[in-house]
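Each residue of the sequence shown is one higher than the one before, starting from 1 at the first, in the numbering used here.
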Amino acid sequence: MLSIISTIILIAIVVGLIVTNIRIVPQANAYVLERLGAYHSTWQVGLHFKIPLIDKVARKVSLKEHVIDFPPQPVITKDNVTIEIDTVVYFQITDPKLYAYGVENPMAAIENLTATTLRNIIGELELDGTLTSREHINSKIRLVLDEATDAWGIKINRVEVKNINPPADIQMAMEKQMRAERERREAILRAEGEKKSAILIAEGNKEAVILEAEASKQAAIKAAEGEAEAILMVQKATADGIRMLSEANATKEVLTIKSLEAFEKAADGQATKIIIPAEIQGMAGLASSLTEIVQGTRE
1 MLSIISTIIL
11 IAIVVGLIVT
21 NIRIVPQANA
31 YVLERLGAYH
41 STWQVGLHFK
51 IPLIDKVARK
61 VSLKEHVIDF
71 PPQPVITKDN
81 VTIEIDTVVY
91 FQITDPKLYA
101 YGVENPMAAI
111 ENLTATTLRN
121 IIGELELDGT
131 LTSREHINSK
141 IRLVLDEATD
151 AWGIKINRVE
161 VKNINPPADI
171 QMAMEKQMRA
181 ERERREAILR
191 AEGEKKSAIL
201 IAEGNKEAVI
211 LEAEASKQAA
221 IKAAEGEAEA
231 ILMVQKATAD
241 GIRMLSEANA
251 TKEVLTIKSL
261 EAFEKAADGQ
271 ATKIIIPAEI
281 QGMAGLASSL
291 TEIVQGTRE
């Protein structure tokens with residue numbers, strides 16, 4: 001009976017040792033295994049078994065991308081302005097063995113390296129350059145950190161400057177400068193608008209004057225053409241009348257009568273002086289003599 005109990009206890013101990021030494025490594029993780037205190041292997045995803053009392057899981061490493069938000073670091077620019085900059089570092093563990101044995105405290109090492117690199121970079125830039133060179137600062141910090149952390153099994157994916165905080169008096173001066181710059185730009189834009197408006201008005205007036213002059217010119221041309229056509233028509237009518245008289249073989253008496261008709265029309269006008277041709281005067285005298293003879297005969 002005693003032997004049966006001992007066997008059961010022994011089997012339970014063996015089963016317990018087997019169960020407690022079975023390890024399942026989850027996705028995006030790796031285990032660093034030591035045997036008798038020395039590095040033995042790195043377990044990847046899956047089922048693993050370690051030798052009891054000999055093997056030991058020294059470190060469990062997450063292979064996911066990590067994000068560290070470092071507190072603001074005081075740095076001095078090239079023009080001796082003290083500013084505070086806080087950065088965010090994105091990294092990923094690529095070699096669990098180097099990560100476990102490369103540096104004592106990887107996060108503290110990355111933070112200190114980031115701070116010293118940031119001071120070196122900002123020390124070469126003035127305040128204005130610092131505020132407008134975020135991409136330059138990010139890329140230089142990432143290159144330095146990535147090179148230094150290769151020996152620690154860490155890959156620096158991205159570094160971002162989160163905030164740049166100048167002193168309060170510098171911020172006030174910058175705000176005043178920005179306000180003055182905006183006012184200057186506003187004044188320039190307003191002046192340019194007024195200038196363009198004046199130019200457009202002047203061009204409109206110029207075009208109006210040109211069009212008015214062109215209209216007057218065309219009106220004068222049309223009036224002159226009308227007068228010329230009227231004169232041409234009168235002359236043509238006169239020529240036609242003379243031609244008709246010539247073709248009709250008009251006698252001197254007919255021509256004299258036509259002259260009298262023309263003289264009658266001229267006498268109906270508003271002229272104060274009328275010049276009577278000699279022929280018409282002779283005809284008038286002849287008519288007067290005939291009138292006197294006729295009256296004497298009747299008496």
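All C-beta atoms, glycine included, are put in the ideal place defined by N, C-alpha and C.
Exposed unless 16 or more other CB atoms sit within 10 angstroms - verdict on residue i
i    : result
P167 : exposed
L118 : buried
T291 : In this predicted model, T291 has a pLDDT of only 46, less than 50, meaning its place in the structure is not dependable; the value taken from the coordinates is given anyway. T291 comes out exposed.
A22  : Note on identity: in this sequence residue 22 is Ile, with Ala being the wrong assignment. Exposed is the call here.
V67  : exposed
T130 : buried
T114 : buried
I18  : exposed
A38  : exposed
T77  : buried
R185 : exposed
K196 : exposed
I231 : exposed
I9   : exposed
G16  : exposed
A85  : The identity of residue 85 in the sequence shown is Ile, whereas the question assumes Ala. So I85 ends up on the buried side.
Inter-residue Cα distance where the pair is residue i and residue j
i    : j    : result
V14  : T7   : 11 Å
E194 : V81  : 42 Å
Q92  : I170 : 38 Å
D79  : R182 : 25 Å
A237 : E225 : 18 Å
L2   : T20  : 27 Å
Y90  : V61  : 16 Å
E212 : A219 : 10 Å
A271 : E214 : Since pLDDT at A271 reaches only 49, below the 50 mark, its modelled position is unreliable, and the value read off the structure follows with that caveat. Cα to Cα, A271 sits roughly 38 Å from E214.
V75  : I122 : 7 Å
D128 : M107 : 31 Å
A180 : E192 : 18 Å
K217 : E229 : 18 Å
L200 : E207 : 10 Å
N138 : A198 : 50 Å
A202 : Q177 : 37 Å
V45  : R158 : 26 Å
T87  : R142 : 11 Å
Q320 : A187 : Shown here, the chain extends from 1 to 299; a query on residue 320 therefore has no answer.
Y31  : A173 : 55 Å
L27  : I4   : The residue you asked about is not Leu; residue 27 is Gln in the sequence shown. Going from the Cα of Q27 to the Cα of I4 covers about 43 Å.
I221 : E227 : 10 Å
M233 : D240 : 10 Å
T132 : L36  : 55 Å
T94  : L63  : 7 Å
Selected residue, minimal CA-CA separation from residue i, among the options
i    : options                   : result
P33  : G16, I18 and P52          : Residue identity check: residue 33 is Leu in the sequence provided, not Pro. Residue P52 is the option with its Cα nearest to L33.
E126 : R158, S216, V144 and I83  : I83
I54  : H40, H66 and L63          : H40
I156 : K140, M233, I164 and K217 : K140
E160 : K50, D69 and G16          : D69
P96  : T42, K222 and L10         : T42
L145 : N112, Q27, E229 and A30   : N112
E135 : Y99, N163 and I110        : N163
A58  : Q27, L98 and D86          : L98
G153 : P71, V45 and A109         : A109
N29  : T116, N120 and E65        : E65
heavy atom of the ligand FAD below 7 Å from residue i C-beta
i    : result
E104 : Absence of the ligand FAD is noted for the structure shown, with no ligands found whatsoever.
Min CB distance residue i to chain B below 8 Å
i    : result
E192 : Looking for chain B here will not work: only one protein chain is present.
Runs of beta strand (DSSP E) lying entirely within the segment 148-189, each at least 3 residues, in chain order: Runs found: 154-165.
Residue ranges of each beta strand (DSSP E) within the segment 68-127, 3 or longer: DSSP runs (the beta strand (DSSP E)) wholly in the segment 68-127: 73-76 and 82-93.
Contact the segment 140-155 vs the segment 98-107: 3+ CB pairs below 8 Å: Touching, yes.
Continuous beta strand (DSSP E) assignments of at least 3 residues falling wholly in the segment 186-212: Runs of the beta strand (DSSP E) lying entirely within the segment 186-212 and spanning at least 3 residues: none are present.
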